[in-house]
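Quick notes on the structure that follows.
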Amino acid sequence: MSSLQPTWPDQHKACLALAFDLDGPTGDAMLNNSIWHKPEYFGFGGYGPYRALPRLLDLLDTFKIPTTFFVPAWVVENWPKQCQAIVERGHEVAYHGYKHESFYALTLDQQQAVMNKSRDVFWQYLHIRAEGFRTPSGDWRAETPAMLADNGVIYSSSMRGDDRPYLVNVPGHDTPLVEIPGRWEMDDYASLAYTRAPNFPSGLDRTASYELTLDNWQREYDGAMDEGLCLTTLFHPKITGKPGRILLLEKLFEHMRQRDDVWFATCRDVARWWLKEHHHG
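First residue of the sequence shown? That's 0 in numbering that gives the first Met the number 0, and the numbers climb one at a time after it.
Here is the structure:
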């Protein structure tokens, strides 16, 4: 990296890479099969692709914000038309495991099996070869980047080590992996999720004020944009795609769109740009 402050396309000062994790009912409860004894939790998850996503896509159309959706392949299999609508409306779909597995807990062979299944599902139902990946659990093994590169992935949005994209050298590959780091402050679970079971985040029994949550997100956005950084989000349709929260997102998008010095881009476009500018292999 040539300087502390990145440069962005068309003289934009900073970058906003809006992203949602369309998890549906995948995750630990599905992986250990307890979800089949918890219809409440299955309904909570299924609300995301079935009901919240169409509402969210309409809002994104209104503000013309290109968005990346990280989607477990199981969700694509079970809600194909909803996921196809993401692609048809000009957004990006990227990998997010098959059933939201913890990649740190998987052997390399198991990770490869998840990617094989994901690639097949994405091609069968969406007719795309995804270029991005967000690890479902926020961690991975040292061998994971090479496995991702072997499967056509050019970027990850999984880690927390910076507020700018950075390059990760991949053994056996000439081209590095671009990391687009997220921040827990921009995860809607931290403020707005309400689940009785499973108990995640641990101890959660109430939601934050919508007004204060909006204020927090706007300040994070303003600070990152003022410094010329790249801000991405870890939002979830099943959390922020509900009627009251969609109004919160509407106000956030209105705030974001007030600036004319921000490059609004998918994570894939950010990664391609970053490679072009910063990889000289």
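Backbone N, C-alpha and C fix where the C-beta goes; we use that ideal spot for every residue, glycine too.
Just so we're clear, the structure is a prediction, and the values are computed from it rather than from any experiment.
- Note on geometry: alpha-carbon atoms of V75 and A18 lie some 17 Å from one another.
- DSSP, reduced to helix, strand and coil, places S157 outside both helices and strands of the structure shown, so it counts as coil.
- Annotated three-state conformation of A264 is coil, per DSSP.
- The segment 43 to 122 is shown to contain whole alpha helix (DSSP H) runs of 4 or more residues at 52 to 62, 72 to 77, 79 to 87 and 107 to 120, in chain order.
- The beta carbon of E253 is closer than 8 Å to those of F62 in its chain, skipping five residues each way along the sequence.
- The segment 110 to 126 makes no contact with the segment 170 to 183: fewer than 3 CB pairs, one atom from each, lie closer than 8 Å.
- In this structure, the CA atom of L147 is about 10 Å from the CA atom of V169.
- Sequence-distant Cβ neighbours of K250 in its own chain, meaning closer than 7 Å and more than five residues away, are L213.
- Boundaries of the beta strand (DSSP E) harbouring Y165: Y165 to V167, taken from the DSSP string.
- Using a Cβ distance threshold of 8 Å, A264 and A16 count as a contacting pair.
- Within the same chain, Cβ atoms closer than 6 Å to the Cβ of F121 are found at I127 and A129, the five residues on either side in sequence being excluded.
- Ranked by Cα distance from D57, the first of G240, I34 and C14 is G240.
- Around the beta-carbon of A72, 16 or more other beta-carbon atoms lie within 10 Å, marking it buried.
- Here the segment 39 to 58 makes contact with the segment 223 to 241; the two share three or more CB pairs at distances below 8 Å.
- For the pair V86 and I179, the CB atoms are not nearer than the 8 Å cut-off.
- In the structure shown, the three-state DSSP call for V177 is strand.
- With a contact defined as Cβ atoms closer than 8 Å, R267 and T67 qualify at about 7 Å.
- In the structure shown, T231 falls within a strand segment according to DSSP collapsed to helix, strand and coil.
- Inter-residue distance for H278 and S155 is about 16 Å (C-alpha atoms, whole angstroms).
- Here the segment 92 to 110 lies against the segment 26 to 44, with 3 or more beta-carbon pairs under 8 Å apart.
- Per the coordinates, the alpha-carbon of Q111 lies some 29 Å from the alpha-carbon of Y40.
- Within the same chain, Cβ atoms closer than 7 Å to the Cβ of D187 are found at F234, H235, I238 and T239, the five residues on either side in sequence being excluded.
- Ranking V92, A93, P79 and W139 by CA distance to the CA of T106 puts W139 first.
- Taking the CA atoms as reference points, R218 sits about 23 Å from Q10.
- Non-local beta-carbon contacts of G151 in its own chain, meaning distances under 7 Å to residues more than five positions away in sequence, involve R128 and E130 in chain order.
- Selection L125, I153 and M185 evaluated against H90 yields L125 as nearest (Cα-Cα).
- When DSSP states are grouped into helix, strand and coil, L17 belongs to the coil group.
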